[in-house]
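Engineer: Okay, here's the structure, questions in a sec.
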Amino acid sequence: MLDRETLRKQRDFVSVYSRGESTGSKYIVILYKNNRFDDSRTSFVASKKVGNSVARNRARRLMRESYRAINCENNLKKGIDIIFVARNTIKPEVKMDDVKKSMIKGLNNLGLIK
């Protein structure tokens, strides 16, 4: 069964990339757009610029876990589509706390944390 909180369709990605707002921080770029649903949908992206498959998977895991921790601690806005894009500064020696701080900074810049 598919997770309803994950952004999957190409037209949704194109919509967020073309009509959404964005901000960047040291380790990630955050793009978001309001959607027509009550729930928020997320996606975590790491391109080949980040590194080999091991580095890309680690970057996605770090972003996913940081988002989970932030979502539990803070009340994030509902009804938005968010894409988290890893920058090539996420290296294997980067800790989750650093990524979490970077993500909090970006989410605050966009006004997504209540």
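Our numbering puts the first residue of the sequence shown at 1, with every later residue one more than the last.
For each residue, glycine too, the CB sits at the ideal point set by N, CA and C.
Model, not experiment: these values are computed from the prediction.
#1: Residues in its own chain within less than 7 Å of SER22 by CB, not counting five upstream and five downstream?
#2: Taking only beta-carbon positions, decide if LYS77 is within less than 8 Å of chain D.
#3: Return the CA-CA distance between MET1 and PHE84, expressed in angstroms with no decimal places.
#4: Can you tell which of ASN108, GLN10 and TYR27 has the C-alpha that lies nearest to the C-alpha of SER43?
#5: In the DSSP assignment, the beta strand (DSSP E) including ASN34 goes from what residue to what residue?
#6: Whole angstroms is fine: what's the gap from MET96's alpha carbon to GLU65's?
#7: Can you tell me where the beta strand (DSSP E) holding VAL94 begins and where it ends?
#8: Which residues bound the beta strand (DSSP E) around GLU21?
#9: Within 10 angstroms of the Cβ of GLY106, are there 16 or more other Cβ atoms? Answer buried if so, exposed if not.
#10: What is the residue span of the beta strand (DSSP E) that ALA46 lies within?
#11: Leaving out five residues before and five after LYS33 in sequence, what residues of the same chain have Cβ atoms less than 8 Å from its Cβ?
Structural biologist: In terms of the structure at hand:
#1: Cβ neighbours of SER22 within its own chain (closer than 7 Å, five residues either side excluded): VAL29, ILE30 and LEU31.
#2: The structure shown contains no chain D; it holds only a single protein chain.
#3: Reliability of the predicted coordinates at MET1 is poor, the pLDDT of 43 falling under 50, and the value obtained from them is presented with this limitation in mind. Distance between the alpha carbons of MET1 and PHE84 is about 23 Å.
#4: GLN10
#5: From DSSP, the beta strand (DSSP E) with ASN34 extends over 28-34.
#6: Their Cα atoms are separated by approximately 8 Å.
#7: Annotation: VAL94 is outside any beta strand (DSSP E) and is labelled neither H nor E by DSSP.
#8: 21-24
#9: buried
#10: Careful: ALA46 lies outside any beta strand (DSSP E) and carries neither H nor E.
#11: SER15, VAL16, ARG19, GLY20, GLU21, ILE80 and ASP81
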